[in-house]
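Quick note, the sequences are listed as chains Y and V, same order. By this note's numbering, the letter at position 61 of the first sequence is numbered 61, and the numbering carries on one by one without gaps. With the second sequence counted from 1, adding 1000 to any position gets you this note's numbering. Working notes, structure below.
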Amino acid sequence: MNTEVLGIIAMFGVTFLLAIPLGKYIAKVYGGERTILDPLFNPIERGFYKLSGINPKSEMTWQEHLYALLTINLLWFLVSMLILTNMGWLPLNPDGNPSQSADLAFNTTISFLVNCNLQHYSGETGISYLGQLWLMFLQFVTAGIGMAAAAIVFKAFREKTTTQLGNFYDFFLKSCTRILLPTSLIIAVILVFEGMPMTFEGKDTMINLQGDTVQVSRGPVAAFVPIKHVGTNGGGFFGANGAHPLENPTYLTNMVEMFGQFIIPMAMIFAFGYFIRRRKFSWMIFGVMTIGFWLLALPNIIMEMNGNPVIEKIGIDNALGAMEGKEVRIGAAASGFWSIVTTVISTGSINSMHDSSMPLSIMNELIAMMVNAFYGGVGVGILNIFIFIILAVFISGLMVGRTPEFMGKKIEAREMKIAMIIALAHPFLILVGTAIAAAFPSVGSSAISNPGYHGFSQMLYEYTSSAANNGSGLEGLGDNTIFWNISTGIVLLLGRFLPIIGPVAIAGLLAQKKFIPEGAGTLKVDNATFGVMIFAVIAIVAALSFFPALALGPIAEYFSLF
Amino acid sequence: MSKSNHTSLFQPALLKEAFKQSFVKLNPRLMFRNPIMFTVWIGTLVMFFVSLWTLFGATGQGSFGYNFTVFLILFVTVLFANFAEAIAEARGKAQADSLRKTREETPAKLIVDNGKSKSGNGEKGYQISVINSSLLKKGDLFLCEAGDIIPSDGEIIEGLATIDESAITGESAPVIREAGGDKSSVTGGTKVLSDRIKVIVTTQPGESFLDKMIALVEGASRQKTPNEIALTILLAGFTLVFIIVCVTLKPFADYSNAPITIAAFISLFICLIPTTIGGLLSAIGIAGMDRALRANVITKSGKAVETAGDIDVLLLDKTGTITIGNRKATNFYPVRGVEEKHFIKLVLLSSMADETPEGKSIIELATHIDNGKLTIDNEKVNYASNGRSIFDYPLSAITFKKFTAETRSSGIDYENTKIRKGASDAIRNLVEKAGNIFPEEIAEKVKAISSNGGTPLVVSENETVMGVIELQDIIKPGIQARFERLRKMGIKTVMVTGDNPLTAKFIAEKAGVDDFIAEAKPEDKMNYIRKEQSDGRLVAMMGDGTNDAPALAQADVGVAMNSGTQAAKEAGNMVDLDNDPTKLIEVVEIGKQLLMTRGTLTTFSIANDVAKYFAIIPALFITAIPALQGLNIMNLHSPETAILSAIIFNAIIIPLLIPLALNGVAYKPIGASALLRRNLLIYGLGGVIIPFIGIKLIDMLVTIFI
């Protein structure tokens, strides 16, 4: 077997094997059990809690949780705008990079705040080290926010009937210190040993093979890159993101970085099962997600390895696969695989240019973000599939002649309304955003680099990536304009907070309801039949709403290859 | 009226009425109640104007003929959906009307002057005026004599009568109704066969259960059930998604230089939104109530039927539901040394005045064993076995001892012989008081009978124990199978009985119920229901007595028997006209069927979209983007035929599914997951595949005509 393929299998296998114990550990963390890191962090946390007057033991209702979540985000927004628009004269700026313009700072702030990291600037020239460190901070805390939101949902299904769903700050802080920080640290050590820069010095000067003197940007890259993946953020230190040789130097770092973005979303699924003591339910979700993932990833690997028929027609050797926009040290297979990992998981970091992917590979990348629930981002992936589960429970409950119930709670009109709004929001943001860009060529579609079907894909991709909080792009799009900065900024905000508010609200409402014990007539939600049902709902809701758009973009492009 | 009298699905008279109603329902105000079909209705109007526009020379929108055809098909789609609702309504109404007819225009003997004028027309001094039954008001008193049709629902306040209720229940055997107690309720439309009763009207004209039910069916007061609301939200959500899809498609298509005609836009939209379930939704709900009515159950709301499908616990009275009526004598056990012939004689003598069903069954068994004949006339009692007279006593010489709570035994005194029959401890008391011993043999027998679910009755002659009669409950044939079915549905059955725990346990095990309440008092039922409900379960029960009313009200589904008291009927949310205690089981299945029909048709409707997409999307773009021919996997003839086939399929699937919507999807108690698998396969996968075939076939047909 091809070593490229073996590399992929090894990567997936290692992640899967480590995700189960990590999931168990995460469940312990949220369950308030003792963990080995307690002696180290407990005193520090106590100090901070005392300072800010928070009692981490006082439990909150779902409304209080959302209030805490949104206010802390607002605070970060303000601080971030301040730093990004002033970093030019602030310390830690050895290269003398300028401050950002207001609309770019808005887009950057929003995109890091929503764990998306759509970057309309280039790291080498557009930001100082202080700015990078601030963004690194945001990459930690926004991942923590997503995980805390998931923890609220976990908690809602652990108790029989309750309004008290734990403490938000407790969930949030523990996500950062007990899960994200240690995982990132381990990965950082490997990356440094593989040659990733870790310095506060400015640009280095070197003479390249052609004999030219070039300035090479560097910085605290090895600190930044681990959390970019572990927190499924994806914001690159450099403009070229994971394709940059200093951000992803070797095949091993490529594997480690893929592992980094994969591990927590996968572990969260198992954590859910351990936490609510329904491990079989976790396996069912894992099964649905994994099948969905491979249905997208396998074709991409094959298509990228097979190469481009047009190039073949010209008579150029295609044996290495479709290598346009790919790094030779990484290869076509790992690039195709990464292109789906990074889109299903909402990381959005790239190790090849998606703009150069094969048309149907682009379609799969789009579908991955349109579904946004095959693993999904840290914490939020669970929240996204939760909406699909609610819809599936409702329809299948009717199909077996029983008022639908999930985990012993009846699903009624109110929950359906919220679930439907959230399920609607995603296609709404993507399709309406793209439609506006297409309808006003002077501000919207003028930014595209290839007119025709591919140009349409570029616009569709940008909004899909924003709504899914992914952050990758078909970078032919010249997107640093006021229109693109602001419109994607709004889509990013709504695409982040609606899918957090909705599931937390549903879980909170369900937690208040009377618990109905499982009987022989209760529909089991932890078996393959129900898994098929969820899959069908995802296919119908997510894929059907985007079919016409996909037909005009990647599908039309694909058929015109021949 | 009985279940065998099945109304066929499409009777000509009903069809005619439904046809008329489908047009009446085009009224936008009525259409607005159903958001999905309302959007189709708007689309139809738009297409009407577009076809006019093409007639007057619009270009780029296709020919007038094509646009007008699209308009016609959409119009027919709306009509089909209206027809589905109308036929369901018509059927329910026909059913209810036939019930109502019996009680309209009946003369009522109104008591205008209750006992005041001693010299009035009435025998007892009531002044009576004959008025039309429709003029009776709540609280009015009326009189009914043999041969009269009871003019209104009411409660007997004086007298007793045998009544033929076959008009309502289909049961030909007359029933006895009397003032006081739990059998005091009479139903309008039934016929008094004997005696005379005074009845107080309990409902306002137009507010009887039947009137309420008719209103529910007719839609005037039909409210959406919570489940229907949640489903409507889901469907409205899907409709919104497809509105977004269609609206945004316009700039997408413009960008791609692929102009789309209005007809194509509207066709795409109408094909994608769940019109199938949208068109059938209200028909399904009405059909659920109609099916209940067909089972002779009047529901007070659609919600009650739905809730019935969710029931977790079923409380059933033992007598009449699990066992046949009353206990029957099954065996005689004379004490050692007593001849059977003699024991039979004692049994007969002790029971001949016993009017209870148990007493009668004892005589029946005795004469059967002995091949004898007991005759009692005004003067004497005579018994002959195999044609030979055994005894012949003048009645005057016999003193009958009736059952009293003190002695807890009954019997006769004849000359110097005292024969008693009673519960074992009562007889033991009697015997031991007289200084005799209660034989060990009999004590053991008594215990054995009790633990076998039977009731022992000990017979004594002159304070000496002579033997035991065994009474047994006869469990209804086939009841075990029904409970097994309920268990598979996930429903827990609970038997309610006044028997002692030992007997109750035996019968519970034999009949296969999951739990029982022994020595039940009315408040025990109530407590049991409360307990189950506090654990989050839904409870259904059936009852008839006034003391059942609180429990009926507390239960999530309370089915009152029509023979029961007004209080019971008010408290429950359904009334069973047949007074059949096993009816609950049917009601549960009707409820489940109702939910399932909704769920499966929703799935089917949405699954259809896949094929419709593959028909319409290539059709939309093929002229501008020939490469998309690759998506035309059905190989449809042309963009126009593709669009027409898709909307024709979309329209005709509605009437094709009407029988399914009205009859309901078959419920099989095979466990929730297996059921989901089955329905997902039939309606989900079927819903994906069938339209591919259907649209292709229609396209081939349409191609012939073009």
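Even for Gly, the Cβ is constructed at its ideal location relative to N, Cα and C.
DSSP, reduced to helix, strand and coil, places Ala1443(V) within a helical segment of the structure shown. In the three-state scheme derived from DSSP, where H, G and I count as helix and E and B as strand, Ser175(Y) is classed as helix. Its chain contains Thr142, Asn469, Leu492, Leu493, Gly495, Arg496, Phe497 as the residues whose beta carbon lies nearer than 8 Å to that of Val114(Y), once the 5 sequence neighbours on both sides are disregarded; these appear in chain order.
Contact check for Thr1703(V) against Thr1641(V) passes: the beta carbons are separated by less than 7 Å. In this structure, Leu552(Y) is the residue among Leu552(Y), Tyr558(Y), Ser560(Y) with its C-alpha nearest to the C-alpha of Pro1259(V). When only Cα atoms are considered, Pro517(Y) and Arg278(Y) end up about 14 Å apart. Along the segment 1011-1026 of chain V, there is no position whose C-beta sits under 7 Å from a C-beta of chain Y. For Glu412(Y), the chain V residues whose C-beta falls within less than 9 Å of its own C-beta are Pro1226, Asn1227, Ile1229, Ala1230, listed in chain order. For Phe515(Y) against Gly408(Y), the beta-carbon gap comes to about 5 Å, under 8 Å, which counts as contact. In this model, Ala543(Y) and Phe262(Y) are separated by some 23 Å (Cα to Cα).
Distance from the Cα of Thr1275(V) is smallest, within the candidate group Leu1235(V), Thr1417(V), Pro1522(V), for Leu1235(V).
If one requires a minimum length of 3 residues, the beta strand (DSSP E) runs lying completely within the segment 1351-1390 of chain V are 1372-1376, 1380-1385, in chain order.
Of the candidates Gln1480(V), Ala1084(V), Val1247(V), Ala1084(V) places its Cα closest to the Cα of Ile1284(V). Sequence-ordered contacts of the segment 1307-1319 of chain V with chain Y read Gly1309, Asp1310, Asp1312 [C-beta pairs closer than 7 Å]. Listed in chain order, the alpha helix (DSSP H) elements of length 4 or more contained wholly in the segment 273-339 of chain Y are 279-306, 309-314. Here the segment 364-380 of chain Y lies against the segment 331-348 of chain Y, with 3 or more beta-carbon pairs under 8 Å apart.
Following the DSSP letters along the chain, one finds Asn73(Y) inside the alpha helix (DSSP H) bounded by residues 62-86. Here Pro1394(V) is bridged, per DSSP, to Lys1380(V).
Rounded to whole angstroms, Phe193(Y) and Glu257(Y) show a C-alpha spacing of 14 Å. Annotated three-state conformation of Thr1641(V) is helix, per DSSP. Counted as a single uninterrupted DSSP element, the stretch harbouring Cys116(Y) is not any alpha helix (DSSP H), since DSSP gives it neither H nor E.
Restricting attention to alpha helix (DSSP H) runs no shorter than 4 residues, the segment 358-433 of chain Y encloses them at 359-371, 380-399, ordered along the chain. Annotation note: the segment 157-238 of chain Y contains the following uninterrupted beta strand (DSSP E) runs of length 3 or greater, listed N- to C-terminal: 204-207, 213-216. Counting only Cβ-Cβ distances below 7 Å, Val532(Y) has contacts in chain V at Leu1680, in chain order. Taking all protein chains shown into account, Pro98(Y) has fewer than 16 neighbouring C-beta atoms within 10 Å of its C-beta and is therefore exposed. Of all C-beta pairs linking the segment 1431-1440 of chain V to the segment 1456-1463 of chain V, three or more are shorter than 8 Å, placing the two stretches in contact.
The alpha-carbon separation between Asn117(Y) and Gly202(Y) amounts to approximately 24 Å. In the pairwise beta carbon analysis, the segment 116-132 of chain Y is classified as not touching the segment 152-172 of chain Y: fewer than three pairs are separated by under 8 Å. Residue contact check for Met407(Y) against chain V: no CB pair falls below 7 Å.
Taking the C-beta atoms as reference points, Gly1543(V) is found nearer than 7 Å to Ala1568(V).
For the options Val189(Y), Ser346(Y), Phe281(Y), the alpha carbon positioned closest to that of Ala528(Y) is the one of Phe281(Y). Between the alpha carbons of Leu1079(V) and Asn450(Y) lies a distance of about 48 Å. If you draw a 10 Å sphere on the C-beta of Leu1552(V), you find 16 or more other C-beta atoms in it, and that means buried. Contact annotation: Phe140(Y) and Ala68(Y) have beta-carbon atoms that are not nearer than 7 Å. By alpha-carbon distance to Gly234(Y), the top candidate from Asp212(Y), Ser465(Y), Met196(Y) is Ser465(Y). A straight-line Cα-Cα distance of about 13 Å links Ala27(Y) and Met266(Y).
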